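See structure below.
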């Protein structure tokens, strides 16, 4: 099949290679020429721009966008909503907010452009393993495309989950859970490190990978990182959140689901990005006022 | 080797079978005779009581206790601290509080009874897979016993982690992490269930087991449960906590480690066991007083 | 001055009486005729409907809406946005979401209807004390109206806080703080009640009102409630949230402010309204699967 | 009455002055001579050491200790447990852990030294206002001393709350609630500050002091601080916790009371004292591994 692929970074590039290996013709575009160039040896056909990409595809056109959520996805899909013709297929594989996806699907339906939203896990690992795909949209269309999708998501890693928006909804929750899982490991290893026992964190991460109840893919990765550097000294404690985790928290609140652990994971990340907490300053000011407490950091003046 | 094993329940029984299959002589005792009887066909030699158990072991005696933390472990290990002789070996495989373990190890050392604390994961799964063992105590003793322990914890599932108490410390944190992981899945699946998309939770759990970043042993189990009953209708929402999870929270606080997600997991369990929250009543009373809000549950009187 | 007042319930009725006592002509409307009737003896002039209310006002018309946030406020203010003329004044004293207020103010500006958003604390107490008013909108208009507003908000309880939307923003955060304060008392009194000391909660609430650091208006109210019924036995533990508290949480997240205590207060309320937690059922199911734990509530079957 | 007073700092000094003004003879001791000296003009009689202090008191000796919880209180009360005679009275006015108080009361009872535990709020404010005293111990003894205690805790600020330990228990919870209240204000003002409305925080704090539902003593103090410096620029965001707040959290957990907001307040303080969060580093390391995310702080290298 001919496939147009926009966004050839860590995720898009991996997907391109899977499809090229499976014998498909992949016409690709990315804002960064060097990224495109790096895939040409693998067989990718480079498009000059989005218009060129559309014109290079024959018959029913199939476009997969693999872009950061928000403005990049919005701009590129808006182009295709307009440029594609009735019967063509647009697939958004990114981490788009599901509300936006539902609206996009309606616009596509109005123009008879067919649309699928596909939640795509798992980052760099997918280059070797293949991906886990959560497919939302019209059932018949989805079922028609499952064989193609399974080529990049083998071994049971691809399913139709429901109508338009549900693919991105399921991926959103997947990532919310991931926030919680990551935070649980992070907290636990910080407790291990704080003990008086002088524990070898890398050995413990590795040990737990075998037969224990906390075995997971994330633990496999943590074991790798801790083996390489038990102090993780090259890493800061500043942690971004990129949409899906906070949307899970907002969705939980909107639907009256208490989700305190995933929420704690989000708030921890938000706190990690503060240089100085005004709330903390309020506490310090009040404690001085009522108790005469003037707290300086150990060994230094008030920060 | 001859091994005395006290506590033959879900964990102890599984361990007994592993050692019996490996050709060891296992003399066992449990308060419930039917549990002992069920293991005799597998080759277990039943002791009448703890004294009888000690007397049936030849040479250097090796005792493994696999009992609920707290009073049961305390009583039985107290017996052995006294009944064993210099050079004998006592191993506590339970979820004992590590402070208690440190004190026990000191008492044993004073009497030259040798002591190991072994954190033991993973419950019922261990019967087939074998266990994950976190071994604390004297390094030489631990290294001597590793070959024996590896017979019940194959494939890398057994390591020496540090001095007395550290085996139980590492297991405590393991379980604290487990609390956080479980809570993350629980919250995420509640958000999935709350969506308007009428999602098939069993299918999603199964899908995520393949290639995704949230793949884990716990997800495997959840997939099994949801496949059998997508509504989990036979299960209540009342959740016990059995020591290690709350100890992780207390240890984190004691060591100035903020662990909000694991703490949230604990508080959620505590809340689940309340029939009526007095704090909630305080809120209701105050809201009536300042706002005239009189809230009844939908369709019914004030609960 | 002539004032039109729509919504004559607990808040609106109190405001009406303050203005009537101050010699103003108040023309009022409420969906519930008996509420209107109860104010006629105090001097209120009853309007038949919104159109009638507008027609009864002479000169520059001044309308205060005191309605539940959301649909009621939306519908009634939409009427006035249309029915009022250039130079007339519309004041929304309710707990409207500030984003909505900003949009409303822009629509009013386009038609030269003048608009103020006034956050109004404190419920039933305001009937006697007067209110605390947080005034947003055009500065000149606000300053012109301050003397009128101070008549219902004496003793420093009225200030201009900023441009359109800021009055409701400040009230939103006021209520978010209130959620946190209420939750702190609720939790503390639950801990007092859980102690072995058989403490007299009403006495303690009263004691703390004198010279302590936790003295507050909310504690005054709690002391009243606990004196009347130390067990608060007529109150359920089911607690609504009505917008402002959850908006504070959402705003905090949107602005990258970690607000874990106010968030905890919101999630506690959400949890209080669940009859059965699916998350809790997930935990129970998993614990059965990996540990054989089958938990029933004490004295009964699985809930 | 003759009163011995040990610990003459911010709290003890204020108490001394109240009693001196009420005509009592106060013999005082403090480790810091200049603190003692500053009270001599007010009529304080300075003791050279604890032995001297005891010897200067006539008849039934009454000793009030007002010392930091933990070692200082432990050492000084241990001296008096021994040095006092049957019938003498020892009063611990500090923030002692109530478990320790219960044990102390038992030791005192064994020697017939009479003992009261008195929770004492509110810091610096008490110098002018007088204090709020929560009195635990033998009921008859407490009732006998109430008139004396009311001289430093006027206007209803003094009550007997229950048997030995309960005074400190109630004070512990008082402080736990205070943690929650402080955190609620801190978070709320941080949300105010984060808004686009360029709000005047000092004006808002002052406004809310009048007629609103969030009026409190703590808000009075915050208004003072924000008026003096709206940016609180001299204050760091590093916040200590001094025992009672964390004990409230531990007590809540021990008694199966979920207290998420007070717990959040404690964890926020703990987090504020971390220079670098190892948990945050774990998250960063994992995110690099699975997503290729390498996060640097804006404008700088990895912290």
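Chains as they are written, first to last, in the numbering used here: chain A, 694 to 996; chain B, 694 to 996; chain C, 694 to 996; chain D, 694 to 996. Glycine residues also receive a C-beta, built at the ideal position from the N, C-alpha and C atoms. The model shown is predicted, which means the values in this text are computed figures rather than measured ones.
Only counting the same chain, and skipping five residues up and downstream in sequence, which positions put a Cβ closer than 7 Å to that of residue i?
| i | result |
| --- | --- |
| residue 751(A) | 695 |
| residue 817(C) | 703 |
| residue 992(B) | With a pLDDT of only 41 at residue 992(B), under 50, the local geometry of the prediction cannot be trusted, and the value read off the model is given with reservation. Answer for residue 992(B): no residue qualifies. |
| residue 898(A) | 912, 915, 916 and 919 |
| residue 707(A) | 819 and 820 |
If you measure from the beta carbon of residue i to each beta carbon in chain D, is any gap under 8 Å?
| i | result |
| --- | --- |
| residue 996(B) | Any reading at residue 996(B) must be qualified, since the residue scores a pLDDT of 32, below 50, and its modelled position is unreliable; the value itself is stated next. With 8 Å as the cut-off, residue 996(B) does not count as an interface residue toward chain D. |
| residue 910(C) | yes |
| residue 725(C) | no |
| residue 709(A) | no |
In the DSSP assignment, find the unbroken alpha helix (DSSP H) run with residue i in it and report its ends.
| i | result |
| --- | --- |
| residue 784(C) | No alpha helix (DSSP H) holds residue 784(C); the beta strand (DSSP E) holding it covers 782 to 785. |
| residue 884(D) | 859 to 887 |
| residue 845(B) | Run containing residue 845(B): none; DSSP gives neither H nor E here. |
| residue 748(D) | 743 to 749 |
| residue 791(A) | 791 to 803 |
Looking at residue i: is its Cβ nearer than 8 Å to the Cβ of residue j?
| i | j | result |
| --- | --- | --- |
| residue 873(A) | residue 946(A) | no |
| residue 931(D) | residue 865(D) | no |
| residue 982(B) | residue 917(C) | yes |
| residue 890(D) | residue 974(A) | no |
| residue 819(A) | residue 858(A) | no |
| residue 834(A) | residue 852(B) | no |
| residue 825(C) | residue 904(D) | yes |
| residue 949(D) | residue 756(B) | no |
| residue 735(D) | residue 760(D) | no |
| residue 798(D) | residue 876(D) | no |
| residue 986(D) | residue 880(A) | no |
Within the same chain, show all residues whose beta-carbon is closer than 8 Å to that of residue i, passing over the 5 residues directly before and after it, in chain order.
| i | result |
| --- | --- |
| residue 823(A) | 711, 845, 846, 847, 848 and 850 |
| residue 729(B) | 701, 721, 722, 723, 737 and 739 |
| residue 754(D) | 695, 697, 747, 777, 778, 781 and 782 |
| residue 894(D) | 882, 885, 886, 919 and 923 |
| residue 795(D) | 857 and 858 |
Assuming the contact rule is C-beta atoms closer than 8 Å, residue i and residue j should be a hit. Round their C-beta distance to whole Å, please.
| i | j | result |
| --- | --- | --- |
| residue 766(C) | residue 744(C) | The Cβ separation is near 18 Å, so there is no contact. |
| residue 952(C) | residue 884(D) | 7 Å |
| residue 805(A) | residue 779(A) | 4 Å |
| residue 814(D) | residue 892(C) | No, residue 814(D) and residue 892(C) are not in contact; Cβ-Cβ is about 16 Å, not under 8 Å. |
| residue 811(D) | residue 786(D) | 5 Å |
Need the endpoints of the beta strand (DSSP E) that residue i sits in, please.
| i | result |
| --- | --- |
| residue 725(C) | It is not in any beta strand (DSSP E) - residue 725(C) carries neither H nor E in the DSSP assignment. |
| residue 810(B) | 807 to 814 |
| residue 827(A) | 825 to 830 |
| residue 696(A) | 695 to 699 |
| residue 853(C) | 851 to 855 |
| residue 755(C) | 755 to 758 |
Determine, using beta carbons only, whether residue i comes closer than 8 Å to chain F.
| i | result |
| --- | --- |
| residue 983(C) | Here chain F cannot be found, since the structure's protein chains are A, B, C and D. |
Leaving aside the five residues before and after residue i along the sequence, list all residues of the same chain whose C-beta is less than 6 Å from its C-beta, in chain order.
| i | result |
| --- | --- |
| residue 868(C) | 937 and 938 |
| residue 746(D) | 697, 720, 722 and 740 |
| residue 842(A) | 826 and 851 |
| residue 807(C) | 782 and 834 |
Taking only beta-carbon positions, decide if residue i is within less than 8 Å of chain A.
| i | result |
| --- | --- |
| residue 801(B) | no |
| residue 890(B) | yes |
| residue 864(D) | no |
If you measure from the beta carbon of residue i to each beta carbon in chain B, is any gap under 8 Å?
| i | result |
| --- | --- |
| residue 827(A) | yes |
| residue 874(A) | yes |
| residue 689(C) | Look at the range of chain C in this structure, 694 to 996, and you will see that residue 689(C) is not part of it. |
Looking at the C-beta of residue i, does it have a partner C-beta in chain C at a distance below 8 Å?
| i | result |
| --- | --- |
| residue 986(D) | no |
| residue 900(D) | yes |
| residue 772(B) | no |
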